[in-house]
Structure formats: structure tokens, C-alpha cells
Amino acid sequence: MNAPTPAIVFRQLALGYDRTPALRNVDGAVPDGDLLAVVGQNGAGKSTLLKGIVGLAQRLRGDLVLPGRTVADIAFLR
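Heads up: the sequence shown begins at 8 in our numbering, then just goes up one per residue.
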């Protein structure tokens, strides 16, 4: 059985604001068609991760890849 195609891939991703890291060393992938819940304590980086996916948080290091997609394909409410 083949592994599902990833919808989002994170490789050593660091995101932040004004060059100050808010989220570091994120690795992993979200398979296409899966639902993802982002949970954690206040200040853990949940909103920063979502903002990074849609380009509203600065990528300081690493890769965030949306294979076969663009940010315009993602629905996001602030």
C-alpha cells in the first residue's frame, strides 16, 4: 500500500515575528485528506503555525511545502 501524498510538509521549520523565533524545529507531514487538530498550552505556537502555513508569520529557517497547492488553496480566518 502506498503512503498518502502529503498536503503539507514541515522540515526543520522555524517561524517567528521580527526575526524572533516563536516556533522551532517543526518536522512532519499532514497527509492529503486528513484532518489536523493543533492543540497545546497558551503560547505554544499554535496560531503561529497556522499563520506560517498561510504566509502571515515569517519563516526563519527550514521548509514549509504545500505539494501541488498554493496558499490561495487554503481557507483561513483571522
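Using N, Cα and C, we set each Cβ at its ideal position, and we do this for glycine too.
Item	Value
Leu22 versus Pro28: straight-line alpha-carbon distance, rounded	6 Å
At least three beta-carbon pairs within less than 8 Å, the segment 77 to 84 to the segment 36 to 55	no
Proximity below 8 Å, CB of Val61 to CB of Ala36	no
DSSP bridge partner residues for Ala64 (one or two, in chain order)	Its beta-bridge partners do not exist; DSSP assigns none.
Thr12 versus Val72 - alpha carbon distance	12 Å
Strand pairing of Ile15, partner residues [DSSP]	Val37
Reference Asp41, options Leu20, Leu63, Ala14, Ala64, closest by Cα	Ala14
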